[in-house]
Amino acid sequence: MKRLPLAAVMAVFLAWLLWTVSVRQAALFAVGIGLGAVLAGQRFGFTTGWRMLIEEKDASGVFGQLLLLALAAALAMPLLGTFPELTAALGPPSVSLLIGAFVFGLCMQIADGCGSGTLYKAGMGIPMNAAILPMFALGSFVGSLHLGWWLELGRVPPVGLVSAWGWPVALGATLLALALIAVGVRWYVGRANARLQRATQPLWQRKWVVGAVLLAMLATANLVIAGQPWGVVYGFGLWAAKLANATGAVDLAQNWFWSQPGNAARLQETVLLDVTSITNIGILAGALWVAAAKPVSAKALTGTQWIVALVAGLVLGYSSRLAFGCNVGAMLSGISTGSIHGWIWVPLAFAGTIFGLRIRRRFGF
Numbered sequence: 013m014k015r016l017p018l019a020a021v022m023a024v025f026l027a028w029l030l031w032t033v034s035v036r037q038a039a040l041f042a043v044g045i046g047l048g049a050v051l052a053g054q055r056f057g058f059t060t061g062w063r064m065l066i067e068e069k070d071a072s073g074v075f076g077q078l079l080l081l082a083l084a085a086a087l088a089m090p091l092l093g094t095f096p097e098l099t100a101a102l103g104p105p106s107v108s109l110l111i112g113a114f115v116f117g118l119c120m121q122i123a124d125g126c127g128s129g130t131l132y133k134a135g136m137g138i139p140m141n142a143a144i145l146p147m148f149a150l151g152s153f154v155g156s157l158h159l160g161w162w163l164e165l166g167r168v169p170p171v172g173l174v175s176a177w178g179w180p181v182a183l184g185a186t187l188l189a190l191a192l193i194a195v196g197v198r199w200y201v202g203r204a205n206a207r208l209q210r211a212t213q214p215l216w217q218r219k220w221v222v223g224a225v226l227l228a229m230l231a232t233a234n235l236v237i238a239g240q241p242w243g244v245v246y247g248f249g250l251w252a253a254k255l256a257n258a259t260g261a262v263d264l265a266q267n268w269f270w271s272q273p274g275n276a277a278r279l280q281e282t283v284l285l286d287v288t289s290i291t292n293i294g295i296l297a298g299a300l301w302v303a304a305a306k307p308v309s310a311k312a313l314t315g316t317q318w319i320v321a322l323v324a325g326l327v328l329g330y331s332s333r334l335a336f337g338c339n340v341g342a343m344l345s346g347i348s349t350g351s352i353h354g355w356i357w358v359p360l361a362f363a364g365t366i367f368g369l370r371i372r373r374r375f376g377f
């Protein structure tokens, strides 16, 4: 589809949301379009950035993510400290978080995308990611069915730095931690490239910097409009849950996760009222709009690669629910709004990604 008719369809849908649903949902759809356009236009991939660091000793992608985290925290934490109606992306430190984050980091490299990566690449029409998306949704739903059992294995209450320390101290500690990580990453790539006798790539590249600035602004807009941080994977699980509920495949009224008041209410409402779902739809639209100008080519996969990718997508969704989010919901939104679980998620997911890259190489992705 060409850009002009696509833009017209998006504008009509936006107007329809504004007229029949709510101003908030229409605004979130517009934010989602922006997120999708930035992710696809700048190819701002969380999965790619980690892979570049490990395989190519190129820190520009990780530095872009650190900049994003710093900017998002600088914008979000004062808002959270000033307006109590806004909520942080809090998740409980738990056994499920430890296992889920590690497995997620492993599978996202095989599937070539985290939650947002899978979404925007599916919107761009990349066949593997388009096929993985429904598997991701199914896995997230199955994970939600089992989450109560996983939490019984051990958990502690969520910890929010903004509420515990106040936003100035929380922000200062967050920025200091991010700066220390940046120093460590810079030292690592410098030493690794010296050992390999090659030049270190520039730490700052335009596409990562522009992407970080725009994503931080859009994530903040999402926080203000929705009243909660940007998330991705909840929408996937909700889509599968509504399908299962409509067909009577599972009795969700008896499930620990879906019997929670907020989740039970969303099952009965139109998906267009869910803030995560409407943003996800916008991301798909924004990525499609970018791809309309310059279609992307994708590598053909073997039968074995298809099977491995689809299984990875299923497990990716399952582990994302156990870990209370992906690179967006757990890492970006968690850290930028002061949740301790975001800081726990990152090193475990990064450890998982090291093993995931080995599997990725084994199957020739």
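If you read the sequence shown in my numbering, its first letter stands for residue 13, the second for the next number, and so on. The C-beta atom is built at its ideal place from N, Cα and C for all residues, glycine as well.
Enumerate in chain order the residues of its own chain whose CB-to-CB distance from residue i is below 8 Å, with the five nearest sequence positions on each side excluded.
| i | result |
| --- | --- |
| Leu300 | Met13, Leu18, Gly48, Gly135, Met136 and Gly137 |
| Val236 | Leu91 and Leu98 |
| Ala185 | Leu173 and Trp177 |
For residue i, does the three-state DSSP call read helix, strand or coil?
| i | result |
| --- | --- |
| Ser106 | strand |
| Gly137 | coil |
| Gly166 | coil |
| Gly376 | coil |
| Gly172 | strand |
| Gly127 | helix |
| Phe95 | coil |
| Glu67 | helix |
| Arg278 | helix |
If contacts are defined as beta-carbon pairs under 8 Å, then residue i and residue j qualify, I think. What distance do you get, rounded to the angstrom?
| i | j | result |
| --- | --- | --- |
| Ala71 | Val201 | 5 Å |
| Gly341 | Val245 | 6 Å |
| Gly53 | Leu360 | In fact, because the Cβ distance is near 30 Å, the residues do not count as touching under 8 Å. |
Excluding the 5 residues preceding and the 5 following residue i in the sequence, name in chain order all residues of the same chain whose CB lies nearer than 6 Å to its CB.
| i | result |
| --- | --- |
| Leu80 | Ala224, Leu227 and Ala228 |
| Val197 | Ala71 and Val74 |
| Met64 | Asp70 and Gly73 |
| Arg7 | Limits of the chain in this structure are 13 at one end and 377 at the other, which puts residue 7 out of reach. |
| Val33 | Leu284 |
| Leu173 | Ala182 and Gly350 |
| Gly155 | Tyr330, Arg333 and Leu334 |
| Lys219 | Gln54 |
| Phe248 | Phe148, Ala149 and Ser152 |
| Thr365 | Trp62, Gly117 and Gln121 |
Confirm, please, whether the CB-CB distance from residue j to residue i is below 9 Å.
| i | j | result |
| --- | --- | --- |
| Ala252 | Leu183 | no |
| Gly147 | Leu328 | The amino acid occupying residue 147 in the given sequence is Met; Gly does not appear at that position. Their beta carbons are under 9 Å apart, which means Met147 touches Leu328 by this criterion. |
| Ser348 | Met89 | yes |
| Ile45 | Gly298 | yes |
| Gly129 | Leu250 | no |
| Pro96 | Arg167 | no |
| Leu369 | Glu67 | yes |
Give every residue of the same chain whose Cβ lies closer than 7 Å to the Cβ of residue i, excluding the five residues on either side of it in the sequence, and list them in chain order.
| i | result |
| --- | --- |
| Ala276 | Trp270 |
| Leu26 | Ala38, Phe41 and Ala42 |
| Trp357 | Leu109, Ala113, Ala335, Ala342, Met343 and Gly346 |
Within the segment 310-350, ranges of the alpha helix (DSSP H) (whole runs, at least 4 residues): 315-334 and 345-348
Only counting runs of 4 or more residues, tell me where the alpha helix (DSSP H) segments fall wholly within the segment 224-266, in order along the chain. 245-259
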